[in-house]
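In UniProt numbering, the protein residues as written are 1 to 341.
Worksheet: the structure to be examined is printed underneath.
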């Protein structure tokens with residue numbers, strides 16, 4: 001989530017550099033003012049979001065590609081058009097003084113008759129003049145690209161660029177399959193990662209007075225307890241397994257995940273049903289837990305099972321390939337889930 005948030009903030013940097021929206025105009029007038037975006041200090045009385053944008057400039061610099069055309073858009077000193085860096089970042093403020101300029105010039109101020117025309121009255125300026133010769137000049141507009149010339153920014157591309165790849169996990173296809181119910185897949189994902197704020201975590205933070213399970217079984221609530229060591233959730237999952245024609249006791253949480261990985265792999269009707277049933281059960285147990293914890297209300301277990309059954313059946317009925325696989329071998333599954341009258 002952190003990486004995705006950074007990708008969205010990089011989108012704002014891209015907009016600041018390439019867009020002319022009302023928000024961009026406001027930022028330029030009240031936040032950037034007469035300065036360069038690349039040279040603004042990140043310290044000071046900034047909003048959280050604006051500070052995060054400023055702190056991400058170095059990340060953006062690693063992926064932005066400035067392509068000079070006429071030089072009528074890029075800041076001569078502060079924009080990173082000079083081999084991926086700004087001249088100010090490489091040579092400091094002294095070089096502006098040596099050139100006899102103010103610091104507000106555009107790149108076009110050192111172009112004459114289609115050629116680079118740098119002042120060379122200091123060693124640094126001479127070095128710049130030599131290094132700039134391999135940067136082509138054209139009559140086209142100045143342009144900014146992402147990662148390579150011709151490629152525009154997308155949040156997906158930015159996320160792929162900045163994320164640290166992690167090893168593939170076996171349960172990914174069990175959660176993010178094509179027939180998933182999005183909100184249920186999301187909570188299943190959180191539960192597998194151990195990211196749900198169960199009462200044992202809330203108790204340590206001082207948010208709730210007790211870590212006791214919301215289903216009044218007398219044990220402390222944790223991910224492993226809620227799925228499916230708690231008698232209430234255990235009997236709920238056992239009933240759902242029965243509707244899947246699976247007759248066994250619920251397993252400890254990590255073992256249950258591993259079992260589902262192995263037995264819900266594929267796109268056939270029974271496997272699709274198991275994946276949907278697993279996600280729906282985790283989701284509705286968590287919703288009932290929240291209802292009891294924070295609203296002082298509850299639903300009977302039978303009603304929760306009906307909700308699981310109804311939502312899974314509705315999803316399956318909307319999937320034509322899955323319905324086409326219901327033959328005499330799977331007819332009992334369809335009946336269990338109320339898909340046949």
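Using N, Cα and C, we set each Cβ at its ideal position, and we do this for glycine too.
Values in this document were obtained by computation on a predicted structure and should not be read as measured data.
- Remark: C-beta atoms of residue 305 and residue 239 approach each other more closely than 7 Å.
- Listed in chain order, the non-local C-beta contacts of residue 215 below 6 Å within the same chain comprise 230, 232, local neighbours out to five positions each way being set aside.
- Spanning the alpha carbons of residue 119 and residue 107 requires a straight line of approximately 13 Å.
- Distance from the CA atom of residue 24 to the CA atom of residue 111, rounded to whole angstroms, is 29 Å.
- Sequence-distant Cβ neighbours of residue 176 in its own chain, meaning closer than 7 Å and more than five residues away, are 185.
- If you compare the alpha carbons of 279, 273, 50 with that of residue 318, the shortest gap goes to 273.
- Exclusion of the five residues before and after residue 313 leaves 337, 338, 339 as the residues of its chain whose Cβ lies within less than 8 Å of its Cβ.
- Beta-bridge annotation (DSSP): residue 65 is paired with 145.
- Going by DSSP, residue 275 is part of the alpha helix (DSSP H) stretching over 269–294.
- Note on geometry: alpha-carbon atoms of residue 172 and residue 141 lie some 45 Å from one another.
- Within the same chain, 340 come within 8 Å of residue 331 by CB-CB distance, once the 5 residues on both sides are set aside.
- Residue 207 sits exposed, since fewer than 16 C-beta atoms from the chains shown fall within 10 Å of its C-beta.
- Using a C-beta cut-off of 8 Å, the region 28–41 makes contact with the region 65–80, since at least three inter-stretch Cβ pairs fall below that distance.
- Residue pairing for residue 115: DSSP places it in a beta bridge opposite 112.
- Beta-bridge analysis with DSSP links residue 85 to 82.
- Going by C-alpha positions, residue 224 is about 23 Å away from residue 295.
- Just so you know, the alpha carbons of residue 256 and residue 250 end up roughly 7 Å apart.
- The beta-bridge partner set that DSSP reports for residue 75 consists of 106.
- Contact annotation: residue 132 and residue 146 have beta-carbon atoms that are not nearer than 7 Å.
- Residue environment: residue 275 is assigned as buried (16 or more neighbouring CB atoms within 10 Å of its CB, all protein chains considered).
- About 6 Å separates the beta carbon of residue 277 from that of residue 244, a gap short enough to meet the 8 Å contact definition.
- Fully contained in the region 201–281 are the following alpha helix (DSSP H) runs of length 4 or more, in chain order: 231–243, 253–263.
- Cα atoms of residue 33 and residue 48: separation of roughly 19 Å, rounded to the nearest angstrom.
- At a Cβ-Cβ threshold of 7 Å, residue 56 and residue 9 count as neighbours.
- For residue 311 against residue 299, the beta-carbon gap comes to about 14 Å, at or over 8 Å, which does not count as contact.
- With 16 or more neighbouring CB atoms inside 10 Å of its own CB, residue 71 falls in the buried class.
- Beyond the five residues adjoining it in sequence on each side, residue 282 comes within less than 7 Å, by CB distance, of 187, 188, 191, 227 in the same chain, given in chain order.
- Annotation: residue 134 to residue 166 spans about 39 Å, alpha carbon to alpha carbon.
- Residue 124 is positioned such that its CB atom lies closer than 7 Å to that of residue 95.
- Residue 177 carries a coil assignment under DSSP once its states are collapsed to helix, strand and coil.
- In the three-state reduction of the DSSP assignment, residue 32 falls in the helix class.
- Per DSSP, residue 153 is not a residue of any alpha helix (DSSP H), being assigned neither H nor E.
- If you compare the alpha carbons of 237, 98, 69 with that of residue 247, the shortest gap goes to 237.
- Residue 235 is not a Cβ neighbour of residue 198, given a cutoff of 7 Å.
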